[in-house]
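S.K.:
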Amino acid sequence: MENGINPFSISHHTSSIYHLLLDMRNLWIFISRYNAFFLFIIFFLIGVYLTIKNNSYQRSVTLNSTNEVVGNAYSRLNVFKSYINLGMVNDSLAAENAKLKTTLLGLTTIDSAKDVKVIDTTTNQQYTYLAAKVVKNSITLRNNVMTINKGTLSGLETGMAVISPQRGVVGFIRDVSEHFATIQSLLHKDTKISVIIKKNNALGSLVWGENNFDIRKAFIKEVPNHIKMSVGDTVVTSGFGKFPAGILVGRLSKTNVATNDNFLSAELNLFNDFSTLQYVYVIKNKLAKEQDLLENPVKVK
Amino acid sequence: MNSSVIIVNSIRWFILLFVQIFLLKNMGFYDLSTPFIYVLFLLLLPFGIPNILLYLLAFGTGLTLDTFYDTMGVHATACVVLAFVRISFISISLNKDAIDDPEPSLSYMGFQWFALYAFLCVITHHLVLFFLETFRLTEIGYTLMRCGLSCIFTLLIILLVEFIFYKRTHR
């Protein structure tokens, strides 16, 4: 006390350290009392570690099972995560779906059709047939127009004749863009096609929609009065218009239909079914310009 | 622990490991029964040995076997388990203060005690050994059969050796 330093006095701080040491001593007593068990744990873990570390088979088994556990944990977490992200995933899938569908459409509608040359040896005219797909069709209106997927790049021009691949006429090209063209079909009030009755070469004019709007029926008008028509007569194109001669049009179903002019009229069943039209052939007439120039020299200039 | 005990145990260690590595390693009945006689060294270590020394010796012996068997760590782990069983069994079955025998051998402890002691130690050692070696539970039947047959083989040889080196004592 006189020195100011008492080595045996226990201050506040040292007492807490003393308690800590006491606790640690108790812990040490506990450990040393059961030292066999703790030593066993230590050596056992070292042994297992050595086994797994140095034996390739045991290592692979351990790693695989560990990976499985970790993988399972991750997959469970992923279920939760993916549930949270469902909305986003849905949007991206929809976008991808649309993209793929677009690609698929491109693949299925590849148009490998090319120009087919047909040499008409009787008239020495050269016609070219160009296949085109109908991309829009209408049959229910008074004036029906359809659209095909060929345009000026394929050499189409206004006024070209269009026929059905099976048999029968379709109409004329009306408007042309780069890749598309519209067809003024037979089912239109302005469409008139020059036809003949094959049996007697009687000239007539094919129209549609005068009194009925049945797409399977049309009328042949302006047939001279002395011509005898009978049901079942075949009607073909005359060759005087844009169409080549001899294209099948239909078969007469009702003759001598009363009209208020001086010509005969008849009803005929069309061979062509406009409602199921998928492909059409556009007929290019190589000599059309020459003929037109000859017949209408002033207009074309 | 005097020097004679150390010398005796050292010689025992060498002989047992020599026999195990150069003779019994090549023995076996259709890969089903393989004796592991070297555990007798751990069984016969004196009573007074400290636990840490027992574990170190068990671990070292196991590692030595592992180097020859190319199964690093398997025998070491099995020997550590055997040491734990040995300590537990002795502390349960015997009063530690009243032990006056130097080592737990058949000569000192009698057949009944020694047989149970050897059986428990050997079976745990073999269980750990074979399951660490197989390292999967799909062939558990085959593993258990191997374990049981090897255990019988090992116990037979251990008892045989103990009876051969039987020292008649006051019991």
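If you read the protein sequences in the order shown, they are chains A and B. Under numbering that gives the first Met the number 0, think of the first position of the first sequence as 0, with each following residue one higher. Under numbering that gives the first Met the number 0, think of the first position of the second sequence as 0, with each following residue one higher. Even for Gly, the Cβ is constructed at its ideal location relative to N, Cα and C.
Using beta-carbon positions only, say whether V248/A and V235/A come within less than 8 Å of one another.
M.R.: One-based indexing of the first sequence puts residue 248/A at position 249. One-based indexing of the first sequence puts residue 235/A at position 236. Their beta carbons are under 8 Å apart, which means V248/A touches V235/A by this criterion.
S.K.: State yes or no: is the beta carbon of T65/A nearer than 8 Å to at least one beta carbon in chain B?
M.R.: Along the first sequence, read from residue 1 onward, the residue named residue 65/A stands at position 66. Not one chain B Cβ lies under 8 Å of T65/A.
S.K.: Within the 8 Å Cβ cut-off, does F43/A reach chain B?
M.R.: For the purposes of this step, residue 43/A is identified with residue 44 of the first sequence, where counting begins at 1. Yes, F43/A lies at the interface with chain B (some Cβ there is under 8 Å from its Cβ).
S.K.: Spatial neighbours of V38/B within its chain, please: CB distance less than 8 Å, with the 5 preceding and 5 following residues excluded, ordered by chain position.
M.R.: By one-based count along the second sequence, residue 38/B stands at place 39. Contacts found: C78, L81, C120, V121, H124, T153, I157.
S.K.: So the candidates are G147/B, F134/B, L155/B; which of them puts its Cα closest to the Cα of S59/A?
M.R.: Locating residue 59/A in the first sequence gives position 60, counting from the first residue. Ranking G147/B, F134/B, L155/B by Cα distance to S59/A puts F134/B first.
S.K.: Assuming N66/A is part of the alpha helix (DSSP H), what are its boundary residues?
M.R.: By 1-based counting over the first sequence, the position of residue 66/A is 67. N66/A -> alpha helix (DSSP H) spans 55-83.
S.K.: Tell me which residue opens and which closes the alpha helix (DSSP H) that S3/B is part of.
M.R.: Your numbering for residue 3/B matches position 4 in the second sequence. Note, S3/B: alpha helix (DSSP H), 2-21.
S.K.: Touching or not, the stretch 150-163 of chain A and the stretch 266-285 of chain A, by the rule of three or more beta carbon pairs under 8 Å?
M.R.: Yes: at least three Cβ pairs fall under 8 Å.
S.K.: How is K52/A classed by DSSP in three states: helix, strand or coil?
M.R.: Locating residue 52/A in the first sequence gives position 53, counting from the first residue. Helix, per DSSP.
S.K.: Specify, as a first and last residue, the run of the beta strand (DSSP E) that G147/B falls within.
M.R.: Taking the second sequence and counting its residues from 1, the one referred to as residue 147/B is at position 148. No beta strand (DSSP E) contains G147/B, which is instead part of the alpha helix (DSSP H) from 139-163.
S.K.: Please state whether the Cβ-Cβ distance between N301/A and A131/A is less than 8 Å.
M.R.: This structure gives no information on residue 301/A, because the portion of chain A shown stretches from 0 to 300.
S.K.: Counting beta carbon pairs with one atom in the stretch 161-177 of chain A and one in the stretch 16-26 of chain B, are three or more of them shorter than 8 Å?
M.R.: Segments in contact, no.
S.K.: Can you pull out the residues from the stretch 13-41 of chain A whose beta carbon lies closer than 7 Å to at least one beta carbon of chain B?
M.R.: Listed by position, the residues of the stretch 13-41 of chain A near chain B (Cβ gap below 7 Å) are N34, A35, L38, F39.
S.K.: Hey, how far is the Cα of F129/B from the Cα of R145/B?
M.R.: Here the question's residue 129/B lines up with position 130 in the second sequence. Here the question's residue 145/B lines up with position 146 in the second sequence. Approximately 8 Å, taken between the alpha carbons.
S.K.: So that I know if they touch, is there some Cβ in chain A lying closer than 8 Å to that of T76/B?
M.R.: On the second sequence, position 77 is the one that residue 76/B refers to. Judged by the 8 Å Cβ criterion, T76/B is in contact with chain A.
S.K.: From what residue to what residue does the alpha helix (DSSP H) around R85/B run?
M.R.: The residue labelled residue 85/B in the question sits at position 86 within the second sequence. 73-92 is the extent of the alpha helix (DSSP H) around R85/B.
S.K.: Could you round the C-beta distance between T190/A and W207/A to whole angstroms and report it? I think they count as a contact, below 8 Å.
M.R.: Position 191 of the first sequence holds residue 190/A. Position 208 of the first sequence holds residue 207/A. Indeed they touch by this definition, with Cβ atoms about 7 Å apart.
S.K.: From the beta carbon of V68/A, is the nearest beta carbon of chain B less than 8 Å away?
M.R.: Taking the first residue of the first sequence as position 1, residue 68/A is located at position 69. It does not: the Cβ of V68/A has no partner Cβ on chain B nearer than 8 Å.
S.K.: Which residues, in chain order, does the stretch 58-71 of chain B contribute to contact with chain A at a C-beta distance below 9 Å?
M.R.: Per Cβ criterion, the list reads F58, G61, L62, D65, D69, T70, M71.
S.K.: State the Cα-Cα distance for the pair H74/B and G61/B, rounded to the nearest angstrom.
M.R.: For this step, residue 74/B is matched to residue 75 along the second sequence. For this step, residue 61/B is matched to residue 62 along the second sequence. Those two C-alpha atoms are separated by around 5 Å.
S.K.: Is it the case that the stretch 89-103 of chain B contacts the stretch 54-69 of chain B, given that we only count it when at least three CB pairs across the two stretches are under 8 Å?
M.R.: Touching, no, given that fewer than three Cβ pairs across the two stretches are closer than 8 Å.
S.K.: Taking only beta-carbon atoms, is M0/A less than 8 Å away from chain B?
M.R.: As a first step, residue 0/A must be located in the first sequence, where it is residue number 1. Only weak support is given to the placement of M0/A: the predicted model assigns it a pLDDT of 43, under 50, and the question is left unresolved by the model.
S.K.: Who are the neighbours of T101/A on chain B, taking C-beta pairs under 9 Å?
M.R.: Within the first sequence, the letter at position 102 stands for residue 101/A. Ordered by position in chain B, no residue passes the 9 Å Cβ test against T101/A, which lies about 52 Å from the chain.
S.K.: Using the beta-carbon count (16 or more within 10 Å), is V88/A buried or exposed?
M.R.: Position 89 of the first sequence, counting from 1, holds the residue named residue 88/A. That one is exposed.
S.K.: Could you give the first and the last residue of the continuous beta strand (DSSP E) run that contains A180/A?
M.R.: For the purposes of this step, residue 180/A is identified with residue 181 of the first sequence, where counting begins at 1. 180-184 is the span of the beta strand (DSSP E), which, as asked, contains A180/A.
S.K.: In chain A, which residues lie less than 8 Å from L131/B when you measure between Cβ atoms?
M.R.: In the second sequence, residue 131/B corresponds to position 132, counting from 1. Here the neighbours are V47, T50, Q57.
S.K.: Would you check if there are 3 or more beta carbon pairs closer than 8 Å linking the stretch 33-51 of chain B to the stretch 104-121 of chain B?
M.R.: Touching, yes.
S.K.: For M145/A, write down the residues that DSSP places opposite it in a beta bridge.
M.R.: Counting from 1 along the first sequence, the entry for residue 145/A is found at position 146. Partner(s): I182/A.
S.K.: From the DSSP secondary-structure annotation, give me the bridge partner or partners of A217/A.
M.R.: Residue 217/A sits at position 218 when you count from the first residue of the first sequence. Answer by DSSP bridge pairing, in chain order: L267/A.
S.K.: Would you verify that the beta carbon of V121/B is, or is not, closer than 8 Å to some beta carbon of chain A?
M.R.: For the purposes of this step, residue 121/B is taken as residue 122 along the second sequence, with counting starting at 1. So no, V121/B is outside the interface.
S.K.: Does N54/A come within less than 8 Å of chain B when only Cβ atoms are used?
M.R.: On the first sequence, residue 54/A is found 55 positions in, with the first residue counted as 1. Answer yes: the Cβ-Cβ gap between N54/A and chain B drops below 8 Å somewhere.
S.K.: Check whether the Cβ atoms of S184/A and F273/A lie closer than 8 Å to each other.
M.R.: Along the first sequence, read from residue 1 onward, the residue named residue 184/A stands at position 185. Along the first sequence, read from residue 1 onward, the residue named residue 273/A stands at position 274. A contact, by the Cβ cut-off of 8 Å.
S.K.: Does DSSP classify N261/A as helix, strand or coil?
M.R.: Against the first sequence, residue 261/A aligns to sequence position 262. In this structure, N261/A counts as coil in the three-state DSSP scheme.
S.K.: Chain A beta carbons: is any one of them nearer than 8 Å to that of L16/B?
M.R.: Taking the first residue of the second sequence as position 1, residue 16/B is located at position 17. Not closer than 8 Å to any Cβ of chain A, the Cβ of L16/B fails to qualify, so no.
S.K.: I'd like the span of the alpha helix (DSSP H) that includes A57/B, first residue to last.
M.R.: The sequence position of residue 57/B within the second sequence is 58, counting from 1. Start and end: 50-68.
S.K.: Rounding to the nearest angstrom, what Cα-Cα distance links L186/A and R215/A in this structure?
M.R.: Sequence index remark: in the first sequence, residue 186/A carries index 187 (1-based). Sequence index remark: in the first sequence, residue 215/A carries index 216 (1-based). Computed Cα separation, rounded: 10 Å.
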